[in-house]
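The structure appears below as structure tokens.
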Amino acid sequence: MSQMGTELKEREKSIFDTQCPFCSVQCKMQVVEDTDQNRRKTYTVIAKPNAASEGRLCIKGMNAYQHALTAERILRPMARVDGQLVPVTWEEAYERIKAKFSELCNRYGSDSIGVYGGGSLTNESGYLLGKFARVALQTKYIDYNGRFCMSAAASAGNKTFGMDRGLTNPLSDIALAKCIILAGTNIAECQPTLMPYFTRAKENGAYIIVIDPRETGTTAIADLHLKVKPGMDAALANGMQKVLLEEGLLDKKFLTDRTVGFEELRAHLQQLDLEEIAELTGVPSESIRKAANAYGKSSTGMIFTARGVEQQTDGYMAVRSFLNLVLMTGKIGKPGSGYGAVTGQGNGQGGREHGQKADQLPGYRMIDNPDHRAYVAGVWGIDPRDLPGKGVSAYEMMEKVHQEEIRALFVMGSNPLVSNPNADFVEEGLKKLDFLVVADMFLSETARLADLILPVSAYIENEGTLTNMEGRVLLREANRPVPGEAKHDWQILSGIADQLGKGKYFDFGSSEEIFNELRLASKGGIADYYGITYDRLRKEEGIYWPCPTVEDKSTGRLFESSFAHSSGKAEIVCVENHLPDEPTNEQYPLTLTTGRVLTHYLTGVQTRRSHTLAARDFESFVEIHPRTARKLGIKDASLVRLESRRGDIVVRSRYRADIREDTVFVPMHWGDIQNVNKITNPALDPTCRMPGFKSCAVRMTMLYPGS
Ligand SMILES: Nc1nc2c(c(=O)[nH]1)N[C@H]1C(S)=C(S)[C@@H](COP(=O)(O)OP(=O)(O)OC[C@H]3O[C@@H](n4cnc5c(=O)[nH]c(N)nc54)[C@H](O)[C@@H]3O)O[C@H]1N2
Ligand SMILES: Nc1nc2c(c(=O)[nH]1)N[C@H]1C(S)=C(S)[C@@H](COP(=O)(O)OP(=O)(O)OC[C@H]3O[C@@H](n4cnc5c(=O)[nH]c(N)nc54)[C@H](O)[C@@H]3O)O[C@H]1N2
Ligand code: SF4
Ligand SMILES: [Mo]
């Protein structure tokens with residue numbers, strides 16, 4: 001006994017059960033903190049088996065403890081006094097919010113305050129943020145960073161199937177697919193722990209087609225790589241549909257029984273020309289034929305799209321063009337056949353379901369639907385007439401900030417200065433605000449401009465549910481104490497609501513209590529969480545929605561016998577061969593596309609603070625074909641300036657012989673002079689309001705030409 005006591009004194013172990021804060025796989029893990037007799041701490045990360053990750057972790061998950069434990073965490077609220085950020089008490093922080101929000105509300109009305117959320121927030125916090133905007137602030141202006149992420153796929157899923165849930169099948173179905181199309185998705189670097197599902201499919205004989213303008217970790221497993229011109233996916237999928245039609249590779253029974261719109265599509269495809277499509281897309285017609293035949297002839301097949309296809313000014317229609325392929329061949333609702341919009345953020349799925357969106361109420365209800373308003377108002381105990389109407393999308397909120405229609409902005413879980421397109425414009429707008437409040441763990445680029453910063457807990461300290469890319473709800477346990485005076489997001493929302501005299505609507509003592517209200521608010525909606533409880537989540541390996549009753553056990557496969565539209569049928573649509581919003585010309589001769597690298601996450605606020613990850617990629621770069629570079633006099637590994645009509649950035653050149661010669665690629669993980677969004681195009685998709693992050697016209701010059 002005494003010996004054990006001494007040992008414990010010498011070495012203390014604490015084990016924290018958690019989930020990776022980054023991507024949509026939501027790998028489970030344990031962080032073991034080992035303290036030696038000199039109080040020195042070392043950390044070991046252990047992957048925990050669970051259904052999606054099957055016990056794997058990638059390099060980001062392995063090192064996620066580092067940013068959570070850095071000395072750079074904000075530990076006290078900070079207010080701007082005489083231009084400087086100084087620590088203040090929570091009481092003072094709340095009082096400042098109350099004073100400023102009340103003043104603006106009285107002078108300009110409640111819509112002068114905007115709320116901006118994020119897909120890293122737990123379901124509970126995201127839900128509460130939506131309620132906070134509508135009930136505590138009564139503003140119509142709320143939107144979130146998922147607008148830049150999932151909005152194209154979500155609107156395409158809703159319109160085509162009547163429902164948007166990232167994957168229509170469980171991940172285990174991938175191994176059963178005989179042909180897999182990965183369109184604009186770089187799973188190897190963005191959801192690395194899912195790769196074994198695809199290699200398993202390949203071992204089972206699957207033919208893998210990857211559509212991407214450059215070579216990536218994912219194209220490495222491709223049997224066929226289509227190097228499409230950025231922004232031309234809708235046309236490419238049109239070409240493949242034309243081939244399916246010509247070759248009679250159609251599931252006629254499925255088309256008749258389960259879809260509408262095919263006859264119009266047939267007429268539309270007949271007048272398209274495959275050679276013209278080959279020219280437009282930069283993909284030879286033989287390759288388009290090969291891809292269509294492989295998919296059309298295989299007994300089972302799955303198509304996945306991600307941001308390469310979706311972050312376009314025709315992202316919504318581009319996804320629908322791929323969904324036409326699914327429906328023409330009847331490859332959905334069966335083992336090994338389905339579609340997946342590969343969700344991005346940790347809670348990118350749940351974050352888009354419960355009311356952070358401008359037009360949405362919990363459970364995928366719509367804010368302009370009178371029945372939906374009445375139901376949710378009932379759950380919240382308010383008069384439906386007091387619910388505001390529909391607001392505008394994330395970037396459009398930034399336009400309203402610029403126009404000084406929105407005068408105060410409350411940001412929780414996003415770094416909009418780096419993630420919005422046209423960042424210089426966004427920065428100008430944020431600087432005009434009367435009051436910018438940012439709730440974050442770190443002094444992000446956006447927080448640096450704030451009038452008030454509220455310190456929040458990190459994933460490892462913050463319990464709550466997150467819904468992974470399969471639509472599987474998971475409970476993230478959290479037993480590490482919150483550092484300093486940081487608070488959970490939901491506690492901050494309750495605290496402010498209380499100050500504003502709305503405390504009775506936000507009287508929660510735990511995330512579980514909020515979840516229980518969310519269950520009720522989502523009940524009967526498309527994303528029905530009513531049957532999911534914390535108790536069940538502790539016992540089961542996560543639960544798929546829709547889950548209307550506590551007995552419900554879904555297999556995770558949707559649309560086996562009918563789609564979610566009231567007719568039960570899926571909708572086929574004719575898609576035009578859309579061109580990117582900003583064509584190249586003599587002045588701006590290159591197409592810039594943007595994306596990610598394995599080691600960093602989004603705007604890099606977290607991963608740039610992890611020493612292991614930062615050391616791997618410590619600065620931004622531009623991938624360029626050596627032939628293009630030589631024509632422009634650009635040397636390898638040199639600092640170059642990239643300019644568009646909106647601004648310029650400085651990054652290091654990186655020769656890549658496998659990228660298209662007309663295209664360059666820059667990752668999005670750095671701020672300031674390396675913030676690629678200083679040059680991206682803010683033109684939006686007319687349906688889902690997604691910006692065209694993946695295509696704009698740029699020029700490139702050496703920063704020090706003589707060097
Ligand atoms: N390491 C890492 N993982 C992440 C993230 C991260 O920041 N870092 N972020 C998470 C989030 S929020 C998201 S949304 C996902 C994003 O996951 P992905 O969408 O897979 O990632 P991206 O790198 O943005 O884009 C994917 C690929 O699209 C290609 N592409 C560019 N333009 C086009 C085009 O016009 N057509 C086609 N077909 N392809 C094109 C790019 O070359 C890139 O390889 O990743 C999640 N996982
Ligand atoms: N050019 C270009 N731009 C893009 C994209 C692209 O491919 N190309 N992709 C877009 C996509 S898909 C996305 S998802 C967006 C994402 O863009 P952002 O919304 O800016 O995403 P993050 O970098 O994750 O910023 C999250 C911020 O919230 C903080 N944070 C993390 N967890 C929590 C939490 O639990 N609570 C609170 N209060 N704060 C937290 C982090 O410290 C960080 O400062 O970027 C978009 N922008
Ligand atoms: S980043 Fe994604 S794949 Fe990597 S450990 Fe985290 S959740 Fe898993
Ligand atoms: Mo995303």
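Per the UniProt record's numbering, the very first residue in the sequence shown carries number 1; after that it's consecutive. C-beta atoms are modelled at their ideal positions from N, C-alpha and C, and glycine is treated no differently.
For the region 351-415, the continuous beta strand (DSSP E) assignments of 3+ residues that do not extend past its boundaries occur at 408-412, in sequence order.
These are the residues, in chain order, with a beta carbon less than 6 Å from any non-hydrogen atom of ligand 3: C20, F22, C23, V25, Q26, C27, S53, L57, C58, K60, G61, Q191, P192, T193.
Per the Cβ contact rule, the region 333-349 is in contact with the region 554-563 (3 or more Cβ pairs under 8 Å). Between the alpha carbons of D672 and P77 lies a distance of about 24 Å. For secondary structure counted as the alpha helix (DSSP H) over 4 or more consecutive residues, the region 466-514 holds these complete runs in sequence order: 489-499. Pairing A450 with L500, the inter-Cα distance amounts to about 21 Å.
DSSP, reduced to helix, strand and coil, places M702 within a strand of the structure shown. Only exposed fits T42, as fewer than 16 other CB atoms lie within 10 angstroms of its CB. In this structure, the alpha-carbon of T139 lies about 12 Å from that of F410.
Taking one beta carbon from each stretch, the region 254-270 and the region 211-228 have fewer than 3 pairs nearer than 8 Å; the two do not touch.
Rounded to whole angstroms, Y529 and Q349 show a C-alpha spacing of 13 Å.
Burial check for D173: the Cβ neighbour count within 10 Å reaches 16 or more, so the residue is buried. When DSSP reads this structure, T18 sits in a beta bridge with M29. Nearest in C-alpha terms to T446, of all of G330, S419, G344, is S419.
At least 8 Å separates the beta-carbon of P213 from that of R536.
Relative to V326, the option among A156, P583, S566 whose CA is nearest is A156.
M668 has its CB nearer than 7 Å to a heavy atom of ligand 2. Within the region 209-255, complete beta strand (DSSP E) segments of at least 3 residues are found at 224-226, given in chain order.
About 6 Å separates the Cβ atoms of G692 and P580, confirming a contact at the 8 Å cut-off.
Put simply, the backbone Cα of G55 is about 9 Å away from that of I46. Per DSSP, G130 is not a residue of any beta strand (DSSP E); the alpha helix (DSSP H) it occupies stretches across 123-131. The bridge partners DSSP lists for T591 are T663, A697.
If you draw a 10 Å sphere on the C-beta of V309, you find 16 or more other C-beta atoms in it, and that means buried. Following the DSSP letters along the chain, one finds P580 in no alpha helix (DSSP H), marked with neither H nor E. Assigned with DSSP and collapsed to three states, M317 falls in helix. In the displayed model, A154 falls within a helix according to three-state DSSP. With a cut-off of 7 Å, the C-beta of C149 is classified as near ligand 4, since at least one heavy atom of the ligand falls inside that distance. Assigned with DSSP and collapsed to three states, P284 falls in coil, not helix or strand. According to the DSSP assignment, V86 belongs to no alpha helix (DSSP H) but to the beta strand (DSSP E) extending over 84-87. Per DSSP, the continuous alpha helix (DSSP H) segment holding P196 begins and ends at 195-203. CA-CA distance, L121 to M412, rounds to 8 Å.
Taking the Cβ of T70 as the reference point, every heavy atom of ligand 1 lies at 7 Å or farther away. At the C-beta level, V379 and A521 come within 8 Å of one another.
If the five residues before and after A697 are omitted, its C-beta is found closer than 6 Å to the C-beta atoms of E582, T584, Y588, all from its own chain and listed in chain order. The alpha carbon of G706 has as its nearest neighbour, out of L684, L452, V640, R656, the alpha carbon of V640.
Cα atoms of Q360 and M366: separation of roughly 5 Å, rounded to the nearest angstrom.
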